[in-house]
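Asks: Each residue of the sequence shown is one higher than the last, beginning at 1 in UniProt numbering.
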Amino acid sequence: MVGERGVTLSGGQRQRLALTRALLRGPRVLILDDATSAVDPVIESAILRDLRCSLETTTLVVAHRVSTIELADEVVFLDEGRIVATGSHTDLLASNPGYARLVHAYVDQESMAEDLDHEDAAIDESGISS
């Protein structure tokens, strides 16, 4: 049972439900503003790949996850609200130092967070830090 206003749903479940409701309307243009930020990255990737393959809809995705951006046909890189560069993720990494710095900083931050999660898990399992 969902409950009133979805109070029993997780953030990811709410996002998937909202996306499903939007898709049922059959939009010609779909705008997703961090619409999958609370969804596990593996699930997010599957959702976005399915959207790409099954819809005849133009989809604009506002995202902060590199894994999401990598799936885009075209990336629009903004700095202080202005368009700085456009192109594929790979092209921008090679041609735009600002974009490359931002992506590498994000990846480094994600890597550090994963390392901390692994350390916490080791502490939880053994009771001591490894």
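Every residue, glycine too, gets a C-beta built ideally from N, C-alpha and C.
Run through the UniProt domain "ABC transporter" (4 to 37) for me and flag every whole beta strand (DSSP E) of 3 or more residues, listed as ranges in chain order.
Replies: You should have 29 to 33.
Asks: Please name the residue, chosen from Glu80, Leu48, Asp40, that lies closest to Glu70 on a Cα-to-Cα basis.
Replies: For Glu70, the nearest C-alpha among the options comes from Leu48.
Asks: With DSSP collapsed to three states, give me the class of Ser59.
Replies: The sequence given here places Thr at residue 59; Ser does not occur at that position. Three-state result, Thr59: strand.
Asks: So Leu78 is in the beta strand (DSSP E); what residue range does that whole segment cover?
Replies: Looking at the DSSP string, the run of the beta strand (DSSP E) that includes Leu78 is 75 to 79.
Asks: Using three-state DSSP, classify Arg82 as helix, strand or coil.
Replies: Three-state DSSP puts Arg82 in a strand.
Asks: Kindly identify the DSSP beta-bridge partner or partners of Gly98.
Replies: Answer is none; Gly98 lacks a bridge partner.
Asks: Whole-angstrom Cβ separation of His64 and Asp108, contact assumed at under 8 Å?
Replies: About 15 Å; that fails the 8 Å criterion.
Asks: Between the C-alpha atoms of Leu23 and Thr58, what's the straight-line distance to the nearest angstrom?
Replies: Roughly 12 Å separates the two Cα atoms.
Asks: Please check the pair Val75 and Gly87, which I expect to be a contact at CB under 8 Å, by giving their CB distance rounded to whole angstroms.
Replies: At roughly 6 Å, the Cβ-Cβ gap stays under 8 Å, so Val75 and Gly87 are in contact.
Asks: Can you have a look at Glu56 and say buried or exposed, based on whether 16 or more other CB atoms are within 10 angstroms of its CB?
Replies: Glu56 should be labelled exposed.
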